[in-house]
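Using our numbering, the first residue of the sequence shown is number 35, and each one after it goes up by one. Glycine included, C-beta positions come from ideal geometry on N, C-alpha and C. Computed from a predicted structure; not experimentally measured.
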Amino acid sequence: MRKSETFLLLCLFLSALVIVNCHIQNSNALRIVEINDGNPLYVDILDRWTYTEEGEVVEVETYSDWYANVEVVYVERGSGLPTYPTPYTARITEYTVTFTDITPTPPGETPSPVSLAPVKGNCNFLITADPEAKKGVVQSLKIIPKEWCVMHEGDVEEGRVLKAKITLKGTDEISGKEVSDEGYLTIDIGNYEDDPNKRGE
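Below you can see the structure in the form of C-alpha cells.
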C-alpha cells in the first residue's frame with residue numbers, strides 16, 4: 035500500500051474517531067461542586083444610614099446586588115478515548131435561580147411561605163473537561179439583583195430563609211450538545227440593622 039493511501043486511511047480513521055467520540059457523551063458530565071464555599075448567603079436587602087451635611091441630617095437608602103461563587107467541573111470523556119484535536123470544553127451561557135421559602139414556623143402557627151420571582155441571568159465562561167474532576171472553574175454569579183430586592187422588600191424584610199436552586203446551562207464546544215446541572219444554596223435574607231461602617235455588607 036502506498037504512503038498516500040496509508041495517510042488517507044489514517045485521516046479517515048481519526049475523523050471517524052472524532053465523530054464517534056462526540057456522540058458518546060455523559061448526560062451528567064457538567065457538575066456543580068460547591069456554591070458559596072458551602073456556606074449560606076446572608077443578604078441584607080436594604081442599607082440605610084444618615085450623615086450630616088451643612089447642619090442637616092441626610093438619610094440615604096441603597097439596594098445592592100448579591101453574588102455567590104459557583105465551583106463547576108466538566109467530566110466529559112466521550113468514549114473514553116482521547117479527543118482530537120482538542121479536549122471537550124463546555125461553554126456556560128445562562129443560569130436560573132428559583133427560590134423556595136423554608137422559613138421555620140413557630141409551634142402552633144400556620145406556615146405562610148412567600149412566593150418569589152426567579153432570577154435569570156446570562157454568563158459566558160468555559161470549562162475544559164477533566165474526567166478526574168480535579169480541575170474546575172469558580173465563577174461569580176449574581177444570585178440576587180438589586181431590582182429583585184426592591185420588588186420583594188415587603189415579602190422578606192422581616193427575615194426569611196430561602197432554598198435557592200441554581201441551574202446552569204450551556205453547550206459542549208465540540209459536539210454542540212446541551213449541558214446542564216443544578217445545585218442548592220441556603221439564603222438568609224431580611225432587612226437587618228445597619229452598621230454605617232459596613233455599607234453593602
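Distance between residue j and residue i (C-alpha atoms, nearest Å)
| i | j | result |
| --- | --- | --- |
| Asp71 | Ala102 | 9 Å |
| Ser174 | Thr84 | 31 Å |
| His186 | Asn225 | 11 Å |
| Lys211 | Thr205 | 5 Å |
| Tyr218 | Cys157 | 18 Å |
| Val52 | Ile208 | Annotation note: pLDDT 46 at Val52 (below 50); position unreliable, coordinate value reported separately. Approximately 9 Å, taken between the alpha carbons. |
| Ala163 | Thr144 | 48 Å |
| Leu64 | Val195 | 28 Å |
| Thr123 | Asn62 | 14 Å |
| Leu150 | Gly142 | 25 Å |
| Glu128 | Lys154 | 8 Å |
| Arg82 | Val184 | 14 Å |
| Glu90 | Gly188 | 29 Å |
| Trp182 | Glu88 | 34 Å |
Proximity test, residue i beta-carbon vs the ligand SAH heavy atom, cut-off 7 Å
| i | result |
| --- | --- |
| Tyr122 | Annotation note on the ligand SAH: not contained in the displayed structure, which lists no ligands. |
Other residues of its chain near residue i: CB distance less than 8 Å, five sequence neighbours each side excluded
| i | result |
| --- | --- |
| Glu216 | Ile66, Lys199, Ile200, Thr201 and Leu202 |
| Thr86 | Val92 |
| Pro152 | Thr130, Val131, Thr132 and Phe133 |
| Glu192 | Gly224 and Asn225 |
| Glu166 | Val109 |
| Lys169 | Val107 and Thr162 |
| Phe159 | Arg125, Ile126, Val171 and Gln173 |
Buried versus exposed call for residue i [16 or more other C-beta atoms within 10 Å across all chains shown]
| i | result |
| --- | --- |
| Ser146 | exposed |
| Val213 | buried |
| Val148 | exposed |
| Val190 | buried |
Beta-carbon gap between residue i and residue j smaller than 8 Å
| i | j | result |
| --- | --- | --- |
| Ile221 | Pro74 | yes |
| Ile126 | Lys197 | no |
| Val171 | Val131 | no |
| Tyr97 | Lys180 | yes |
| Ile69 | Val94 | no |
Extent of the continuous beta strand (DSSP E) run through residue i
| i | result |
| --- | --- |
| Asp81 | Asp81 to Glu87 |
| Glu68 | Leu64 to Ile69 |
| Asp135 | Thr123 to Asp135 |
| Asp99 | Counting along the chain, Asp99 falls outside any beta strand (DSSP E), and DSSP gives it neither H nor E. |
| Leu75 | Leu75 to Asp78 |
CB contact check: residue i to chain B, cutoff 8 Å
| i | result |
| --- | --- |
| Lys168 | Here chain B cannot be found, since the structure has a single protein chain. |
Cβ-based neighbour list, residue i, same chain, cut-off 6 Å, excluding 5 preceding and 5 following
| i | result |
| --- | --- |
| Trp100 | Val77, Ile177 and Ile178 |
Close beta carbons around residue i, own chain, < 7 Å, minus the five adjacent residues each side
| i | result |
| --- | --- |
| Pro119 | Residue placement at Pro119 cannot be trusted, given a pLDDT of 43 that sits under 50; what the coordinates show is reported in the next sentence. Once the five neighbours on either side are set aside, Pro119 has no close Cβ partner at all. |
| Thr139 | Pro145 |
Residue range of the unbroken alpha helix (DSSP H) whose run includes residue i
| i | result |
| --- | --- |
| Asp189 | Glu187 to Val190 |
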